[in-house]
Amino acid sequence: MNIFRLVADLLHLASIVILLIKMYATNSCSGISFKTQVLYLAVFIARYLDVFWHFVSVYNTFMKVFFIATASGVVWAMLGPLKDSRSKSLDTFRWEFIVAPSALLAIIFHDRFTVTEIFWSFSVFLEAVAILPQLHLLQQSGEAETITTHYLAALGGYRALYLVNWIYRYFTEGYVDVIAWCAGLVQTALYCDFFYVYFTRVLQGRRFALP
Amino acid sequence: KEEDVKHDEL
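Protein chains in written order, with the numbering used here: chain A, 129 to 339; chain B, 72 to 81.
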């Protein structure tokens, strides 16, 4: 564990807490892509179900349980109590176009040809693009609540710091994970436009609004 | 063992 990875994980954790606060405080999930949330739940289930047979550390176990539990909670809330506040008409990204290629890539690129390894690869590829429905929704509406942008910023910051973590790990322990690196690079790159608006508008006290 | 340290990240 190094400081970059720790802060990255904490940002990831914070992003979910921010999302939960937004949903509780406003009693609404408007502006949040239901598709992205379902995809994240799929990502966590595909990758973290190994919590039952692959022990890494108490920290690792706690985080896996936390992410599966909160993602389930968010999807449950969006299906039930907060259903009517969903931005359905804007959440129009075709999820098939990212799930199918992710599955195909996982069948081609994996460390070993086993069910768990292919699921792991699938989850990594899917996570890289799971934000697309959310960014699409943002583009459709052209603006976002400030708290929603904080959620996205924490989520993007988490992956950006993982890039730094990988560089650090490569030099300190010779750690190499080509699949995660490529996917992580794509994942972080997708946030570029968002970050530009976030830094130039939201952090200066203005509303998030696309030009 | 190599398998034990694999996928130690979240």
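Backbone N, C-alpha and C define an ideal beta-carbon position, used for all residues, glycine too.
{"Query": "Hey, A/CYS157 and A/SER213: beta-carbon distance below 8 Å or not?", "Result": "yes"}
{"Query": "Per the DSSP calculation, A/ALA272 is bridged to which residue(s)?", "Result": "A/PHE336"}
{"Query": "Inspect the CB distances between the stretch 273-286 of chain A and the stretch 144-161 of chain A and report whether three or more fall short of 8 Å.", "Result": "yes"}
{"Query": "Mapping the DSSP letters down to three states, classify B/HIS78 as helix, strand or coil.", "Result": "coil"}
{"Query": "Compute the distance between the beta-carbons of A/ALA288 and A/THR316, then report whether it is under 8 Å.", "Result": "yes"}
{"Query": "Check whether the stretch 215-232 of chain A and the stretch 259-269 of chain A are in contact - that is, three or more C-beta pairs closer than 8 Å.", "Result": "yes"}
{"Query": "Looking only at its own chain, which residues have a Cβ that is under 6 Å from the Cβ of B/LYS77, when we skip the five neighbours before and after it?", "Result": "none"}
{"Query": "For the alpha helix (DSSP H) that A/LYS150 lies in, which residues bound it at each end?", "Result": "131-154"}
{"Query": "Taking Cβ-Cβ distances below 7 Å as the criterion, which residues of the stretch 247-278 of chain A are in contact with chain B?", "Result": "TRP248"}
{"Query": "Taking only beta-carbon atoms, is A/ARG133 less than 8 Å away from chain B?", "Result": "yes"}
{"Query": "Taking the alpha carbon of A/PHE327 as the point to measure from, which residue in A/PHE241, A/ILE236, A/THR274, A/GLY159 has its own alpha carbon closest?", "Result": "A/THR274"}
{"Query": "To the nearest angstrom, report how far apart A/ILE236 and A/LEU167 are at their CA atoms.", "Result": "21 Å"}
{"Query": "Would you mind telling me which residues of chain B sit closer than 7 Å to A/ASP137, beta carbon to beta carbon, in chain order?", "Result": "LEU81"}
{"Query": "Could you spell out where the alpha helix (DSSP H) holding A/ALA231 opens and where it closes?", "Result": "224-236"}
{"Query": "So A/VAL243 contacts chain B; which residues on that side make the cut at Cβ distance below 8 Å?", "Result": "Correct list: empty, because the minimum Cβ distance to chain B is about 14 Å."}
{"Query": "Return the chain-ordered list of same chain residues with a C-beta closer than 8 Å to the C-beta of A/ARG329, the five sequence neighbours on each side being excluded.", "Result": "ARG335, PHE336, ALA337"}
{"Query": "Are any of the Cβ atoms in chain B nearer than 8 Å to that of A/MET151?", "Result": "no"}
{"Query": "Does the beta-carbon distance from A/VAL227 to A/LEU265 come in below 8 Å?", "Result": "no"}
{"Query": "Using DSSP with H/G/I as helix, E/B as strand and the rest coil, what is A/ARG214?", "Result": "coil"}
{"Query": "Please report the residue range of the alpha helix (DSSP H) in which A/TRP248 lies.", "Result": "243-257"}
{"Query": "Starting from the C-beta of A/ASN123, find all residues in its chain whose C-beta is less than 8 Å away, skip the five residues before and the five after it, and write them out in chain order.", "Result": "Nothing in the structure corresponds to residue 123 of chain A, since chain A is present only between 129 and 339."}
{"Query": "Determine the burial state of A/PHE241: buried for a count of at least 16 other Cβ atoms within 10 Å of its Cβ, exposed for fewer.", "Result": "exposed"}
{"Query": "Could you check the C-alpha separation between A/HIS182 and A/ARG175 for me, to the nearest Å?", "Result": "11 Å"}
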